[in-house]
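Participant: Protein chains in written order, with the UniProt record's numbering: chain A, 1 to 485; chain B, 1 to 485; chain C, 1 to 485.
From the three backbone atoms N, C-alpha and C, an ideal C-beta is built for every residue, glycine too.
1. Mind checking residue 126(C): buried by the 16 CB within 10 Å criterion, or exposed?
2. Can you tell me which residues form a DSSP beta bridge with residue 124(B)?
3. What separation, rounded to the nearest whole angstrom, lies between the Cα atoms of residue 355(B) and residue 301(B)?
4. What's the C-alpha gap between residue 399(A) and residue 187(A)?
5. Less than 9 angstroms between CB atoms is the rule here; does residue 285(C) satisfy it with respect to chain A?
6. Taking residue 80(A) and residue 241(A) to be in contact with their CB atoms under 8 angstroms, please state how far apart those CB atoms are, rounded to whole angstroms.
7. Interface residues of chain B around residue 491(A) at Cβ under 7 angstroms?
8. Taking the alpha carbon of residue 66(B) as the reference point, which residue from 251(B), 195(B), 430(B) has its own alpha carbon closest?
9. Decide if residue 120(B) is buried, meaning its Cβ has at least 16 other Cβ atoms within 10 Å, or exposed.
10. With a CB to CB cut of under 8 angstroms and the five nearest residues on each side skipped, what residues in its chain are close to residue 210(C)?
11. Three or more C-beta pairs closer than 8 angstroms, one from the stretch 168 to 177 of chain B and one from the stretch 144 to 160 of chain B: is that the case here?
12. In the DSSP assignment, the beta strand (DSSP E) including residue 71(C) goes from what residue to what residue?
13. Should residue 242(A) be flagged as near chain B, meaning a C-beta pair shorter than 9 angstroms?
14. What residues from chain A crowd round residue 108(B), counting only those whose CB sits closer than 7 angstroms?
15. Counting contacts by CB-CB distance shorter than 9 angstroms, is residue 252(B) in contact with chain A?
16. Starting from residue 231(B), find everything on chain A with Cβ-Cβ shorter than 7 angstroms and list it in chain order.
17. By the 8 angstroms beta-carbon criterion, what residues does the stretch 315 to 334 of chain C contribute toward chain A?
18. Going along the chain, which unbroken runs of the beta strand (DSSP E) with 3 or more residues stay wholly within the stretch 322 to 351 of chain A?
19. With a cut-off of 9 angstroms, does the C-beta of residue 19(A) fall near any C-beta of chain E?
20. Thinking C-alpha only, which one of 328(B), 313(B), 438(B) is nearest residue 220(B)?
21. Taking one C-beta from the stretch 392 to 408 of chain B and one from the stretch 138 to 145 of chain B each time, how about it: are there three or more such pairs within less than 8 angstroms?
22. Could you tell me whether the Cβ of residue 370(C) comes closer than 9 angstroms to any Cβ of chain B?
23. Which complete alpha helix (DSSP H) runs does the stretch 399 to 464 of chain C hold, if anything under 4 residues is left out?
24. Quick one, are the C-beta atoms of residue 258(B) and residue 202(B) less than 9 angstroms apart?
25. What residue range does the beta strand (DSSP E) around residue 41(C) cover?
26. Just to confirm my understanding: we take residue 214(A), look at its own chain, exclude 5 residues before and 5 after, and list those with CB closer than 8 angstroms. What are they?
27. With a threshold of 9 angstroms between beta carbons, is residue 228(B) in contact with chain C?
28. Using DSSP's beta-bridge definition, name the partner residues of residue 290(C).
29. Can you check whether the CB of residue 153(C) is closer than 9 angstroms to the CB of residue 264(B)?
30. Within a Cβ cutoff of 6 angstroms, which residues of the same chain sit near residue 457(A), ignoring the five residues on either side of it in sequence?
31. Residue 53(B) to residue 387(A), Cα distance in whole Å?
32. Using only the alpha-carbon positions, how far apart do residue 461(B) and residue 454(B) sit?
33. From this set, 40(A), 357(A), 359(A), which residue's C-alpha is nearest residue 117(A)'s C-alpha?
34. Throw me the rounded Cβ distance for the residue 367(C) and residue 322(C) pair, which I believe falls under 8 angstroms.
35. Any beta carbon of chain B sitting closer than 9 angstroms to that of residue 52(C)?
36. If you reduce the DSSP assignment to three classes, tell me which class residue 82(B) lands in.
See below:
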């Protein structure tokens, strides 16, 4: 795959992954089977003993099984992970297979490891040493993988699938640890994962991209752009993310008012973001034209930024305000900050995750800290305050102002894990054994996929002579072509 | 953007929206924040005081929060609004960005205003003067916006985004008023919005289109059509609308049997419509070929027409009958009525909303009136009749036959608001300040969007000389091209 | 549509369906209306008498209406049927209309007949001779149609829509009978339909394809492949099937732990399948490239194979193991078995349903039989065992080992109905009256659809002379073209 251009010869890069990719997949999947065999069991709501459990808890109806509280949200989150993230990245003209296909691979790989890692930290039954899983674990596994898929956004088109799997293996591990520290040790709240998912995931990906900096990436510049229909495909991703974000932020919120409020806040923040994104996009392009990059990405920033505070009493106008500023910041990021990051800081961020996840994620953490610190019993009620912030058990003496401080501490933890972990993992991925593409082969599905020969990419004149055009135009064409001369 | 063709010069049209679009978006969003700050709060099911509320009402489980009754339907409706309507309109070869992008903008803009307008009429808490919102308000906001998106279908490709926002501002306002008159004053029932949403929205859009008639629209005729893949994109919209229509019609129906029955009726009506649409499409094309326009649109007419009566005891075969005739009427509309509307009545209806929403909507209102008038206690039961038609409070003495009359009156209100409102708003939109495209630039994304240069639209020979074709075919091509001559 | 090539003249095939298609649709739909009028009514949960029914059963809340247990899953299944199956088959370069359009037609046609057929067997109220329907019937109708859509996968591109309707009419009928035998007579369990849906559907389609074998199908070989964007469209189908498969397998499982466990098992099996599919695909292509055919199809095999056992205590690692082997078997099938089936057994299987549904379906039946036979009260609990396998009424003395035998018998019934029924229906479809395409017109939407003229398929030079290219490139193009010579 090496090229000699302008007299300068690169050493050819070996992008053959015929051994490494199957080996990683098989070894990994076998390990998962063994570990699941040793550790993972159904929890009391997904086990056949549910009947007895129900009686013990004096639950009268099957509808109170957690499944019915969370399954619709779970499915929405599932769509965001696989269709949302996958199609959002199909915008490149010749990397749609890699976008949607590797996203699929990474997510399916990561959710298994996430069930184990998160299980050990959060769902371990100390009586028998088993992880007991139910629908909430499935949601959390999807969330955990979301962090790695965000990171993939920065690396899109520049890494091999093997690198992605390694990135995910470490990413899920780091995620589970930082999540444990933030949610359990610091007892910060983060229902929609502004800190735990978005801040961590984005800085993780940006740091890796920084370590893997490619000075000659210009060589594949002609493929780093969209075509008309690839932009429409990307809008499928955008819209499913946008529509289901209320489910994302409410999926693991408290039963009842918690889930209800999280959905409302997210709905409003996102609506507001769309308006300011369109405004900024139009304001900075000549003749006020809109840029698909902004519409595809910045419209989602409000969902990220309202993640932590979604289940708080942020109030409807508070959500609108968060969305308002996010749309502005994110679009400005695409216009001014991304070129700066690439040129000055040497961070090549294919999808602009710094604008969609990093800045809005940090903003979400700050909004969460402020709104937690400002919580009062007047607004929340005695019960409400306790429920919302789980001021129970070890934390029953905590007060909102202190909680605000711990929220801020949580944000710092996410940042540190993202940046630190990213640099370390980036160094691992720099090893020349992972089959990554040469600079001139980036953003090209040809490297890792069997790509069909498109009729369109073959000159029609030849196509005709090769009988590849439907017959009915043939005569007309030949005639016209001759007349032309 | 002006053109001189055949010696006749148009004055150039100014489609620069660099000031107007951002200005409208910012002013609007700031107004929304202020108004939400003054007026909008969480309702008792989305507020942290839910715990106390639950105790007061003697509710034993969080699962009885309205969120769990309506959230899955809400998300389905949300998908219909953003993906359904958005992608349905991507069928034009060069207006997919405008279809899905402006649909997105209009909807995000409209739902905020709808929450306020509908809130003032329906959810105002008179004790503190605040609008209290929950998941049902979100659904209703989506419904309200649906009216404006239907209207957009008539205008697709011929208006600027600023015009769309103005159209939506007035549209939502008119919608809230007619909805209040129909549902609260007349006490008509309209769970799926045949009258309130579809009849109003369609005639609103058609009237605007009539006022904005473009006699020289032929100039952009070459863009008023589909290409192969744009038709496939449109099927995404069609199918998500079709599949989730049972949720649309049941989303705000009564808890329990009401939602259940509305879903069944809609499911059946839509299935029936598909069959008759296919039959009519095949019958009127030479050699029986099917036309994508009919499959994309007329298959949905059954969902529109069963909207009002969906929660009534229409009975399964009644739903099939409604769907049967709708498929026929709607497809016939595309074949015979649309050309007539355009040539004789000067109504240019890009998506054919007259066939998909106007006629089926009116039919739905009539079906609703008849089935309400025919309701009996034998069929409904004493409780059932009272529950289904809300014969309580001020309306406790109303009987089915009278209800039928009020249903018919509701249909007239929807028609009047649609046509009257549309003409007025059309006159506003005719002002030469909104940046609408010239006749020769209609249906063209180039005007309002940064459109990527597609490889396909550049002759391959040139593309090759510009290094824009993957290298591996290059040699083969050049050789063959030479041999060809 | 006949052709004379190389001196050999085919008799022209008549693909005119202008009479037959509308006739079948109208007659059918009218029959449905009459039969629904005679037979179909709302059940006690979707009827207005729900209030009284609720009191009789001492149900305190509307949320216990079956609608709220099953509606979210129903909508997911609905998406799988219409978008999942429909878009999965859009991969062919020029058969996307037929894939998604005929899928739509077949499904809408079939669900009505399925409601009747399944209703007579399972939901007949003997007191009044009426079929009483609710949301579970809608799910089962979708399931029933899934069998026919699987069969369509084998026939894709080679049959007329009239043939598809005939195939569906018989398919649904056969399905209802085999389902009755398997579920009611044998009392086998099959929540996700590995046997009832997938095994039956796949062998039904393969048998039909065997009877309809076309020795000269090579004539349309140039259309039996994908283009870049058609492969991306197909991924929409793949992902919606993959994501919602947990809903498919849990949709009609027992309330509470049954649905919960079925979702978890399916989630895990599918994740595992993705990894082994990727591994096998990479292992068997040169330089380890991935093949979209495998990613689009084999990744789904785990969902099929875990169908029967999804609601059993398969345990999480058991699900992973099932998925592990399925990915391997299915991908190997595409690589080695499909060519063998076509060349040696004369079975032309367009979508490779043998690899996606037939083999995994049989595997699912076997897994179900084994895991049923191995069930113990230690694992399930006394109540749990009884609930899960419905050891009540006539079957209260059945024990797990015997149940395992009946499960195996169920698999045989599905196979027999699939193969036997397929051969008989294939013979009916071989009659020369159904308007099927000639060998050289297979896989071509032109035959049954009005297909838009794509700009891309016309040589740009001619397109320019016909004013079909955006003006702004025109001058540049002409100049360059001249310079080129």
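Facilitator: If we stick to the structure as given:
1. Exposed, by the Cβ-count rule.
2. DSSP, once it has assigned bridges, lists 131(B) as partnering residue 124(B).
3. Cα to Cα, the separation comes out at about 8 angstroms.
4. Roughly 12 angstroms between the two C-alpha positions.
5. Cβ-Cβ to chain A under 9 angstroms: yes for residue 285(C).
6. Rounded, the Cβ-Cβ distance is 5 angstroms, consistent with contact.
7. Absent from the structure is residue 491(A), since the part of chain A shown begins at 1 and ends at 485.
8. Nearest of 251(B), 195(B), 430(B) to residue 66(B), Cα basis: 251(B).
9. It is exposed - the Cβ of residue 120(B) has fewer than 16 other Cβ atoms within 10 Å.
10. So the list reads 345, 346, 347, 422, 423, 426, once near-sequence residues are dropped.
11. Taking 8 angstroms as the limit for Cβ pairs, the verdict is that the stretch 144 to 160 of chain B does touch the stretch 168 to 177 of chain B.
12. Looking at the DSSP string, residue 71(C) is not in any beta strand (DSSP E); the run it does join, the alpha helix (DSSP H), is 66 to 79.
13. Yes - at least one Cβ of chain B is within 9 angstroms of the one on residue 242(A).
14. Neighbours of residue 108(B) on chain A, chain order: 271, 274, 275.
15. No, its Cβ sits nowhere closer than 9 angstroms to a Cβ of chain A.
16. By Cβ distance, chain A contributes nothing, its closest Cβ being about 12 angstroms from residue 231(B), past 7 angstroms.
17. For chain A, the residues of the stretch 315 to 334 of chain C that bring a beta carbon within less than 8 angstroms of one of its beta carbons are 315, 316, 317, 320, 321, 324, in chain order.
18. For the stretch 322 to 351 of chain A, not a single whole beta strand (DSSP E) run of length 3 or above is found.
19. Note that chain E does not occur in the displayed structure, where the protein chains are A, B and C.
20. It is 438(B) whose Cα lies nearest to the Cα of residue 220(B).
21. Segments in contact, no.
22. Interface criterion not met: the Cβ of residue 370(C) is under 9 angstroms from no Cβ in chain B.
23. You should have 400 to 430.
24. Result no, Cβ atoms of residue 258(B) and residue 202(B) do not sit closer than 9 angstroms.
25. Counted as a single uninterrupted DSSP element, the beta strand (DSSP E) harbouring residue 41(C) occupies residues 40 to 42.
26. The residues are 158, 348, 439, 442.
27. Yes, residue 228(B) counts as interfacial toward chain C.
28. Answer by DSSP bridge pairing, in chain order: 449(A).
29. The Cβ-Cβ distance between residue 264(B) and residue 153(C) does not fall below 9 angstroms.
30. Any reading at residue 457(A) must be qualified, since the residue scores a pLDDT of 44, below 50, and its modelled position is unreliable; the value itself is stated next. Annotation for residue 457(A): no residue places its beta carbon closer than 6 angstroms to its own, counting only its chain and skipping 5 residues before and after.
31. Their Cα atoms are separated by approximately 14 angstroms.
32. Low confidence applies to residue 461(B): its pLDDT is 39, below 50, so where it sits in the model is not reliable enough to give any reading.
33. Proximity to residue 117(A) across 40(A), 357(A), 359(A) peaks at 40(A), based on C-alpha coordinates.
34. With 8 angstroms as the limit, residue 367(C) and residue 322(C) qualify as a contact, their Cβ atoms being about 6 angstroms apart.
35. Residue 52(C) counts as touching chain B.
36. It is helical.
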